[in-house]
Amino acid sequence: MKKNLLTLVILVGSMISAQTYSGGNLSTGATTSTSVAAPAGYTWSELQSPNTTLGAGGQVTATANNRLADDFVVPAGESWAISSVDVFAYQTSSTAFPIDQLNLRIWNGSPAAAGTLVFGSATTNILNVAGSGDSFMYRVAASAVGTTRRIWKLKATVGQSLLPGTYYLDFQAHAINDGNVFFPPVTIVGSPAPSGANAIQAISGTWASLIDAGSTAVQALPFIVNYVATSLGTS
């Protein structure tokens, strides 16, 4: 009698730890390039020459519908159980937390290139107000240093596990006063953008690279993914 040998592959996991993934730097320190000190307890996020874009629009209002997105990678051999995502925004002249809504989606692949939606919607508000608040940074330019652009941390509550792959965070905020909301790009002293930056922006549904008007460099977006990693193996 002929017998068929069945090989059974079983995924086995072991918990690694709670971790964070950062999309990039935002603070440039407690002193500007013109030697202006930040207020006590704060740092600056100073626009780097020749860039001219202090913040990119990522808001829904009565007259605007803008979204922002950037990628991150879950490495081979791991599964990430994501609990929350932090993004960073300002509304000019706000002195109290100005945001009342945040929606966020996660795509397997780019939303601009037929990626697959794996989490979230464009309408569900997942803002965690209690976990949001002051980031203790101000967005400034060397020629106009001031405290009118306080950067706020916006925390989105997420409950999604991801296998290895390249994913995009796609998000949009709404302000209490229905005004514009701006998200400052990743900021590195002496550089217009990090190497390999590939953030994108959707204006009224049309995605395009997020490009600074001054340097023409494609930008990256700062964000923090909070997750617990599990190692994957076979037996």
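Numbered per our numbering, the sequence shown finishes at 235, counting up by one with no gaps. Where a beta carbon is used, it is the ideal one built from N, C-alpha and C, also for glycine. As the structure is a computational prediction, the values presented were derived from the model and not from experiment.
- No residue range can be given for residue 149, since it is assigned to no beta strand (DSSP E) and is classified by DSSP as neither H nor E.
- Within the same chain, Cβ atoms closer than 8 Å to the Cβ of residue 105 are found at 111, 117, 119, 120, 121, 122, 169, 170 and 171, the five residues on either side in sequence being excluded.
- Annotated three-state conformation of residue 125 is coil, per DSSP.
- With 16 or more other Cβ atoms inside 10 Å of its own Cβ, residue 94 counts as buried.
- One Cα belongs to residue 113, the other to residue 67, and the distance between them is close to 15 Å.
- Taking C-beta atoms as the reference points, residue 101 and residue 180 fail to come closer than 7 Å.
- Contact annotation: residue 82 and residue 19 have beta-carbon atoms that are not nearer than 7 Å.
- In the three-state reduction of the DSSP assignment, residue 71 falls in the strand class, which pools E and B.
- Straight through space, the alpha carbons of residue 91 and residue 194 are spaced by roughly 25 Å.
- Assignment of beta-bridge partners to residue 86 by DSSP yields 155 and 224.
- Remark: C-beta atoms of residue 61 and residue 44 do not approach each other more closely than 7 Å.
- Shown here for residue 73: same chain residues with a beta carbon closer than 6 Å to its own, the five before and five after excluded, namely 166 in chain order.
- If the five residues before and after residue 47 are omitted, its C-beta is found closer than 8 Å to the C-beta atoms of 53, 54, 139, 140, 141, 142 and 187, all from its own chain and listed in chain order.
- At a Cβ-Cβ threshold of 7 Å, residue 64 and residue 201 do not count as neighbours.
- If you draw a straight line from the Cα of residue 87 to the Cα of residue 182, it is about 11 Å long.
- Here residue 158 has 82, 83, 84, 85, 104, 106, 119, 120 and 126 as same chain residues with Cβ atoms under 8 Å from its own Cβ, once five neighbours each way along the sequence are excluded.
- Burial is judged here by how many other beta carbons sit within 10 angstroms of a residue's own beta carbon; residue 192 has at least 16 and is buried.
- Residue 201 is bridged by DSSP to 68 and 208.
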